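Accompanying notes for the structure given below.
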Amino acid sequence: MSSVNAASFSPDDFVWKGLTLTESAAKQILNLVAQDPEVKGLRVGVKQSGCAGFGYVMDLVKEPAADDLQFPYFGATLYVPLQAMPFVDGTEVDYVREGLNQIFKFNNPKAQHACGCGESFGVE
1 MSSVNAASFS
11 PDDFVWKGLT
21 LTESAAKQIL
31 NLVAQDPEVK
41 GLRVGVKQSG
51 CAGFGYVMDL
61 VKEPAADDLQ
71 FPYFGATLYV
81 PLQAMPFVDG
91 TEVDYVREGL
101 NQIFKFNNPK
111 AQHACGCGES
121 FGVE
């Protein structure tokens, strides 16, 4: 398990690069939003999980949280809780086809290592 945890950061002390969406990811978010008029976008956060330390958490957003940062691209909005930023800042969110499946993929420059199954990542 990684020695880094959310409590060790003061998010207000950073200037964030932010997260980006590929056009493919934005289209998928817009598809999800179109299914429910109350949904405003997608929230990406992290939780301690898996063998590498952290896992991504994704939720549809009907009402943004007070600490959510917003990153709009191609008409879609990605919401990120401020406390997750030290772990995901600079990440590109993509939506790709892998075999028969289509999934959101995270190209996270802060991820130093990942577990074998690809479900969790660690930061140094």
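According to my numbering, the sequence shown is numbered sequentially starting from 1. Positions of the beta carbon are idealized from the N, C-alpha and C atoms, including for glycine. Fair warning: this is a prediction, and the values are worked out from it, not measured in the lab.
Backbone CA spacing between residue i and residue j [nearest angstrom]
i, j, result
"K126", "E92", "Since the first residue of the chain shown is 1 and the last is 124, residue 126 is not available in this structure."
"N5", "L82", "Model confidence at N5 stands at a pLDDT of 45, short of 50, so the residue's coordinates are unreliable; what they give is reported in the following sentence. Going by the C-alpha atoms only, they are around 14 Å apart."
"L78", "L21", "8 Å"
"M85", "V44", "10 Å"
Segment limits, alpha helix (DSSP H) that includes residue i
i, result
"A26", "E23 to A34"
Exposed unless 16 or more other CB atoms sit within 10 angstroms - verdict on residue i
i, result
"L100", "exposed"
"P109", "exposed"
"V33", "buried"
"Q28", "buried"
Beta-bridge partners of residue i, as assigned by DSSP
i, result
"A111", "Per DSSP, none; premise fails for A111."
First through last residue of the beta strand (DSSP E) which encompasses residue i
i, result
"F54", "G53 to V61"
"P72", "D68 to Y73"
Query raised in the report: Can you find at least 3 beta carbon pairs, one from the segment 16-24 and one from the segment 60-68, that sit closer than 8 Å?
Result: no
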